[in-house]
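In this note's numbering, the protein residues as written are 129 to 275.
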């Protein structure tokens, strides 16, 4: 791919993810993709290891869910407007390990964010498909922004 084609490729990936999400909107049987090309899918144990090792955690959920509880130290980059090339660059270098999560297997936000991070050139992207739900269910630490 030529450098001049990269912006078009990124837009194409985003549009594909967006329209795929519309197809699944309101479907109670929806399940997020198992993998994202160019990223490593991790389970809760692997995510905890990455957390302990200092990986940057990105929470792609909506502000209300983030406020109720999130993984300590995670950066909130809502997929509906807060997750951009610039906001991701503000919290992580392209050579840093980043773990992208959302509400769990029934949510597509983490997958969309993972696809974009890979397209933007991030080298160590981890797709935490089980996300917040799996983290919470094994009683790992959480913090709340609610007052």
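Virtual Cβ for every residue (Gly too), placed ideally from N, Cα, C.
Quick caveat, the model's predicted, so the values are computed rather than measured.
With respect to the beta strand (DSSP E) encompassing residue i, which residues constitute its N-terminal and C-terminal limits?
| i | result |
| --- | --- |
| residue 306 | As displayed, the chain neither begins before 129 nor continues past 275, which places residue 306 out of reach and without an answer. |
| residue 225 | 225-229 |
| residue 266 | Neither: residue 266 is in no beta strand (DSSP E) and is coded neither H nor E. |
| residue 254 | 252-256 |
Along the chain, where does the alpha helix (DSSP H) containing residue i start, and where does it finish?
| i | result |
| --- | --- |
| residue 242 | 237-247 |
| residue 215 | 213-219 |
| residue 170 | Element bounds for residue 170: not the alpha helix (DSSP H) but the beta strand (DSSP E), 168-170. |
Just to confirm, is the Cβ distance from residue i to residue j under 8 Å?
| i | j | result |
| --- | --- | --- |
| residue 187 | residue 255 | no |
| residue 294 | residue 260 | There is no way to answer for residue 294, as the model of the chain reaches only from 129 to 275. |
| residue 270 | residue 203 | no |
| residue 234 | residue 158 | yes |
| residue 257 | residue 183 | no |
| residue 192 | residue 206 | no |
| residue 266 | residue 170 | no |
Under the assumption that residue i contacts residue j (Cβ atoms under 8 Å), give the Cβ distance between them as a whole number of angstroms.
| i | j | result |
| --- | --- | --- |
| residue 227 | residue 185 | 5 Å |
| residue 268 | residue 225 | About 18 Å separates the two Cβ atoms, so there is no contact after all. |
Is any beta-carbon of chain C found at less than 8 Å from that of residue i?
| i | result |
| --- | --- |
| residue 262 | In the structure shown, chain C does not exist; there is a single protein chain. |
Report yes or no: do the stretch 231-240 and the stretch 212-221 share at least 3 C-beta pairs separated by less than 8 Å? no
Inter-stretch contact at 8 Å, needing at least 3 Cβ pairs: the stretch 244-251 / the stretch 161-181: yes
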